[in-house]
Each structure stands twice: as structure tokens, then as C-alpha cells.
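Undergrad:
In our numbering, the protein residues as written are 90 to 484.
(1) Which runs of the beta strand (DSSP E) spanning at least 3 residues fall entirely within the stretch 162 to 197, listed in chain order?
(2) Give me, in chain order, the residues of the same chain whose beta-carbon lies closer than 7 Å to that of residue 140; leave out the 5 immediate sequence neighbours on both sides.
(3) Could you spell out the range, first to last residue, of the beta strand (DSSP E) harbouring residue 206?
(4) Which partner residues does residue 157 have in the DSSP bridge list?
(5) Nearest CA to the CA of residue 234: which residue from 195, 213 and 272?
(6) Which parts of the stretch 331 to 379 are runs of the beta strand (DSSP E), unbroken and 3 residues or longer, counting only runs that do not cross its ends?
(7) Return the residue from the list 162, 305 and 332 that minimises the CA-CA distance to residue 390.
(8) Quick one, which of 413, 448, 377 and 183 has its alpha-carbon nearest residue 282's?
(9) If the criterion is Cβ atoms closer than 7 Å, does the pair residue 268 and residue 478 meet it?
(10) I need the DSSP call for residue 328, collapsed to helix, strand or coil.
(11) Starting from residue 117, trace the alpha helix (DSSP H) both ways and give me its first and last residue.
(12) Along the chain, where does the alpha helix (DSSP H) containing residue 472 start, and where does it finish?
(13) Tell me which same chain residues have a C-beta within less than 7 Å of the C-beta of residue 411, skipping the five on either side of it?
(14) Can you list, in chain order, the stretches of the beta strand (DSSP E) that have 3 or more residues and sit fully within the stretch 368 to 432?
(15) Please state the DSSP three-state secondary structure of residue 275.
(16) Whose C-alpha, out of 374, 426 and 413, is nearest the C-alpha of residue 383?
(17) Measuring CB to CB, does residue 298 end up less than 7 Å from residue 246?
(18) If you drop the 5 nearest sequence neighbours on each side, which residues of the same chain put their C-beta closer than 6 Å to that of residue 455?
(19) What is the DSSP secondary structure of residue 309, reduced to helix, strand or coil?
(20) Assign residue 228 to one of three DSSP states: helix, strand, or coil.
(21) Please classify residue 255: does DSSP put it in a helix, a strand, or coil?
(22) Do the stretch 316 to 323 and the stretch 427 to 441 make contact, defined as three or more Cβ pairs closer than 8 Å?
(23) By the 10 Å Cβ neighbour count, where 16 or more other Cβ atoms means buried, how is residue 444 classified, buried or exposed?
(24) Counting contacts by CB-CB distance shorter than 7 Å, is residue 93 in contact with chain C?
(25) Given this structure, state the Cα-to-Cα distance separating residue 257 from residue 238, to the nearest angstrom.
(26) Give a yes or no on contact between the stretch 154 to 172 and the stretch 186 to 203, applying the rule of three or more CB pairs nearer than 8 Å.
(27) Would you mind reading off the limits of the alpha helix (DSSP H) that contains residue 455?
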């Protein structure tokens with residue numbers, strides 16, 4: 090099968106959608122399919138974003154950096170390239186921020202030279218104009234209605250697109266996987282890794298992986314650390330990864346708010362930022378932490394790449410209850426669930442994990458067991474099966 094993956098960001102750009110597309114593309118080539126990535130021309134003004142993730146094997150995937158703007162003319166470029174490449178399937182990797190909050194990618198032409206599909210990483214609405222209101226949601230649903238098939242990554246988005254009147258032709262749910270392999274540097278020493286940040290062997294090191302934005306509860310994270318220190322624990326926080334990513338400008342203002350809070354609470358010597366680092370270094374940092382704290386304001390979800398990475402590394406996780414029932418997430422078995430925006434409850438859960446070895450071990454083992462269901466070969470196989478179904482129905 091000849092597959093085209095459309096994405097507004099792709100390594101070396103920083104962003105979860107780009108990293109996901111990269112991993113999916115190579116998993117699909119491992120199954121024998123020909124994969125083309127159709128993405129943005131990098132602006133000359135964009136600063137270098139760091140190296141591509143390890144294992145990118147770019148020679149196995151053809152990357153076409155052809156889209157000069159994600160405005161109204163983008164589909165002229167995309168459909169022309171799809172025709173030239175004789176693609177069987179076009180798949181839009183959709184998240185509004187990955188397209189600079191521009192709506193045009195939602196308006197897939199009715200007549201394309203390939204079966205059209207969209208993978209929704211979330212249903213966040215794009216910016217249109219002031220007071221656009223319900224029209225913004227309509228634009229997102231327009232993409233779901235216009236393509237031949239829709240992939241969602243999580244249960245909450247699936248329920249939203251199954252509502253009466255959504256107009257989706259075909260729908261399936263395929264989870265994301267971890268963009269970070271458990272791959273440690275040669276000669277890795279956990280104590281030495283912690284010592285890089287001034288953390289002693291007996292100290293408690295919290296970990297947070299990913300960009301900061303409003304929905305991820307960054308302020309709760311900082312206040313949780315502050316509560317632990319006030320309770321007398323020698324606690325630190327390691328913020329792993331880049332500050333804001335390449336795509337969503339709204340992240341910058343929020344990241345600054347979180348950093349200001351660090352200063353207001355006098356935590357400058359307790360909060361450590363790795364900055365953008367290689368996937369191998371992310372893995373090393375995750376293995377160094379004692380507890381991952383992911384205090385999502387909108388609830389834990391399988392659309393979160395940060396969650397997937399923490400699960401894959403077998404870290405004890407403190408997070409918030411899902412917005413819709415997720416039977417796979419079990420409080421006390423593979424995560425500790427606490428109320429959103431509740432630093433006191435989060436701190437209590439962290440302390441419980443630190444003081445009860447049996448609980449910590451159970452959470453570590455539960456995280457690894459849950460992660461096994463999100464392997465990239467399974468994700469690629471499910472994606473191919475859906476594409477084949479749509480191709481058969483189109484004939």
C-alpha cells in the first residue's frame with residue numbers, strides 16, 4: 090500500500106504529533122508499506138529544534154517538505170502530490186496546534202486521488218476570528234465528516250464523534266504509543282544521573298515529561314512539590330523535555346506562568362529543566378525519577394504521549410481520574426488517581442508511594458503491563474487493517 094501521512098510538524102520540529110507520525114511511518118514501513126510524509130517547508134527564520142529522535146531511520150520513509158502555508162491553498166499542494174505519488178491512502182494527523190491553529194486542513198476536497206482519512210489526536214478547536222464560538226467546533230467536525238474514515242486515539246473523542254449528527258462515515262479507535270523507547274546510554278548510572286541535578290540518593294525526585302500547557306496542570310505540579318518540601322521531604326522536580334514545542338504559541342505564556350510560580354515559591358534550586366534532549370536522554374531521565382506526576386486538569390487520557398512514555402518506563406504515576414471511564418486505569422494498580430488541581434492530595438499520594446515499597450513495586454509492574462498493549466507494531470497493524478477496509482469499500 091502507498092500511504093501518505095499529512096502533518097504540520099515533523100522531526101526535527103518539536104511536537105508530539107510529529108513524533109507520533111515519525112514512529113507510525115516507520116512501523117508501517119516495517120510491515121512492507123511505502124510511506125510518504127507530507128509536511129511543512131521549514132521557515133528560514135525557525136531556529137534549529139534539535140536532532141531527530143533516535144531510530145528515525147529517515148531513509149525508510151520519504152519526507153516531502155512542500156507545504157508553504159496551512160492556509161486555504163494547502164490542499165492544492167497536497168492533492169497534487171498525492172496524485173503524482175499515486176497514493177492509495179491519505180491520512181491527516183490532526184491536532185489544531187500542529188497546523189498553527191489554522192482551519193484549512195479540515196476542508197478535505199471531496200474528490201481526492203486517494204482514500205481520505207484523519208487521525209484525531211484531540212478535538213481542540215482552531216482559531217478562526219474573535220467570537221467565532223460554535224463555528225470553531227464545526228470546523229473540526231467538518232474534517233471528520235469530509236474524510237472516508239476517522240481514527241481517534243482515545244475513548245472521550247470516540248464518544249464525541251459517535252454522537253447523533255456527527256456524520257462520520259467510518260470510525261475506529263487506535264491508541265498512540267510511547268514516542269520514547271526505553272533505551273539507556275552505555276554505562277548508565279542512575280545515581281550519577283540524579284547527581285547531575287544536585288539530587289542525592291536519599292532524595293525524592295519527581296518527574297514530569299512533556300510541554301506545559303493549561304490542560305496539563307503545571308501549576309498544580311509546582312504546588313505539589315512545594316507541599317512536599319513544606320512537609321519536610323527532600324524533594325526535587327525534574328522537568329524533562331522542551332519548554333513549549335514548535336507549534337502552539339499559547340504554550341509559551343503558560344510556561345512562563347509556571348516558571349514565575351517556581352520563583353514566587355522559592356523553588357529555583359528544587360526544580361530542574363533538562364531542555365530539549367534526545368530520546369535516549371529522555372529515557373535516562375525518566376529512569377532516574379522516583380515518581381511521575383501528571384496532574385492533568387481534564388483527566389488522564391490515552392491521547393497523552395507523556396503518559397505513554399511514563400508507562401513504558403515502568404514509572405509509578407500520580408495522575409487525575411479520566412473524564413470518561415477507562416477500565417484499563419486502576420487506582421493503586423497501575424496509577425494513583427487524585428483530584429485535579431489538588432496539590433495536597435497529589436502530595437499525599439506521592440508520599441505514600443515513597444514510603445510504601447510494595448505500592449511502588451505494584452505501580453511499576455502495573456505500568457509496564459498496561460504499556461504492553463500500546464506497542465507500535467500493534468498500532469501499525471490496526472491502522473493498516475482500517476485502511477484496507479476503507480479501500481475495499483471504496484471500490
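Just so it is clear, CB atoms sit at the ideal spot from N, CA and C, and this is done for glycine as well.
In this text, all values refer to a predicted model and were calculated from it rather than measured experimentally.
TA: To lay it out plainly:
(1) 178 to 183
(2) The predicted model places residue 140 with a pLDDT of 43, which falls under 50 and marks its position as unreliable; any figure quoted below should be read in that light. Only 101 and 367 meet the Cβ criterion.
(3) 204 to 209
(4) In the DSSP output, where bridge partners are listed per residue, residue 157 has none listed.
(5) 195
(6) 360 to 362
(7) The residue with the shortest Cα to Cα distance from residue 390 is 305.
(8) Nearest of 413, 448, 377 and 183 to residue 282, Cα basis: 377.
(9) 7 Å or more divides the Cβ of residue 268 from the Cβ of residue 478.
(10) strand
(11) 105 to 119
(12) Note, residue 472: alpha helix (DSSP H), 465 to 483.
(13) Same-chain partners within the cutoff: 388, 389, 390 and 418.
(14) 380 to 383 and 406 to 408
(15) coil
(16) 426
(17) no
(18) 422 and 423
(19) helix
(20) helix
(21) coil
(22) The stretch 316 to 323 and the stretch 427 to 441 touch, with no fewer than 3 CB-CB distances between them shorter than 8 Å.
(23) exposed
(24) In summary, chain C is missing from the structure at hand, where a single protein chain is found.
(25) 7 Å
(26) Cβ pair count under 8 Å is three or more, so yes.
(27) 446 to 460
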